[in-house]
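Residue numbers (mature numbering (1 follows the signal peptide of the UniProt record, and there is no 0)): -20 to -1, 1 to 325.
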């Protein structure tokens, strides 16, 4: 009889512990803030667009990090910060692929949603004031493109191209890594030297409509930009284009001109490089950024392969673009021109 009582007591204790353990796992929730933009990050052998999250209840001193796992039931919205409650469930590591997360994340509920002001930074900007002084319109005005999907700033200081990484970004603070520039000799009048010095001092920013102002750490206005009207609807990309320049040089008219079609609905790019047909995936597209995935092409040989080879290499480097009426220009992530197209008839 004593044995039966002891056995029953042990079984009851085990069941209670099991229930308690189950309840603990079920209640294992955490709070994330999800940024209103995704960022390219290395993943295994390639790159992918990942979420940016801050773990915490408030956005005071946020610590943003890349988040590679999927959140079941969560829908990302470009341009909006979302505060979410997430359930985290540990999986059996023996059943998880080597490149996958050992934790399963499931959305419990959306706690808050608000505009992510940082996404307004995306696009191309033209300098209007330098160290709080208006610019002489006789000089070449510096331009800057901000691409949050790459955490990159790039542009032209009036003669040389420049680029740098965004190391830290909040709703009011910005920190850049080292900004590097080409070093070609410049014959035209420019404010490049003063512009570059100011760019390396920026600490905070303010957006008002189409105006973007940067301040140094003392609160002094150092750079004031206006957003270019060229950042038009991406629907205008959604058509066929004929190449006119490769790496800034006109194409030899003795060879067929490369052609390209962008289909933003299917997120596909296709065309002909002047010899072979090609097609591939559009990985991401924003108001100023454009990235292609792996592009495959047929393998026939033509009498003149130079144009096709140069076109293919340039297309692979695409990072940003500018659209002016009937002309589409593609640039690499450093702001160097790669390809210029005219809208096909």
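Positions of the beta carbon are idealized from the N, C-alpha and C atoms, including for glycine.
Asked                                                                                                                            : Found
Proximity of residue 138 and residue 114 at Cβ, strictly below 7 Å                                                               : no
Chain-order list of residues whose beta-carbon lies under 6 Å from that of residue 84 (same chain, five-residue window excluded) : 69 and 71
Per-residue DSSP class, three states only, for residue 321                                                                       : strand
Helix, strand or coil at residue 72 according to DSSP, with G and I counted as helix                                             : coil
Heavy atom of the ligand SAH within 6 Å of residue 171 beta-carbon                                                               : The model depicted lacks the ligand SAH and carries no ligand whatsoever.
Continuous alpha helix (DSSP H) stretch holding residue 172: start and end                                                       : 172 to 179
Whole-number beta carbon distance between residue 205 and residue 106, since they are thought to touch under 8 Å                 : 6 Å
Alpha carbon of residue 249 to alpha carbon of residue 129, nearest angstrom                                                     : 19 Å
Through-space distance from residue 186 to residue 294, alpha-carbon basis                                                       : 35 Å
Same chain, Cβ closer than 8 Å to residue 60, neighbours up to 5 away in sequence not counted                                    : 16, 93, 94, 95 and 96
Residue closest to residue 156, alpha-carbon to alpha-carbon, out of 147, 163, 290 and 162                                       : 147
The beta strand (DSSP E) enclosing residue 287, as first and last residue numbers                                                : Segment 286 to 296 is the alpha helix (DSSP H) holding residue 287; no beta strand (DSSP E) there.
Burial state of residue 98 (16 or more Cβ within 10 Å)                                                                           : buried
Residue 124 classed as buried or exposed, judged by whether at least 16 other C-beta atoms fall within 10 angstroms              : buried
Integer Cβ distance of residue 179 from residue 159, believed to fall under 8 Å                                                  : 6 Å
Residue 32 - containing beta strand (DSSP E), residue span                                                                       : 26 to 35
Delimiting residues of the beta strand (DSSP E) encompassing residue 56                                                          : Note, residue 56: premise wrong, no beta strand (DSSP E); not H, not E.
Local Cβ density within 10 Å of residue 57, reported as buried at 16 or more and exposed below that                              : exposed
6 Å CB neighbourhood of residue 112 in its chain, flanking five on each side removed                                             : 201
Proximal residues to residue 239 (C-beta, below 6 Å), its chain only, five neighbours per side dropped                           : 222, 251 and 252
Exposed unless 16 or more other CB atoms sit within 10 angstroms - verdict on residue 127                                        : buried
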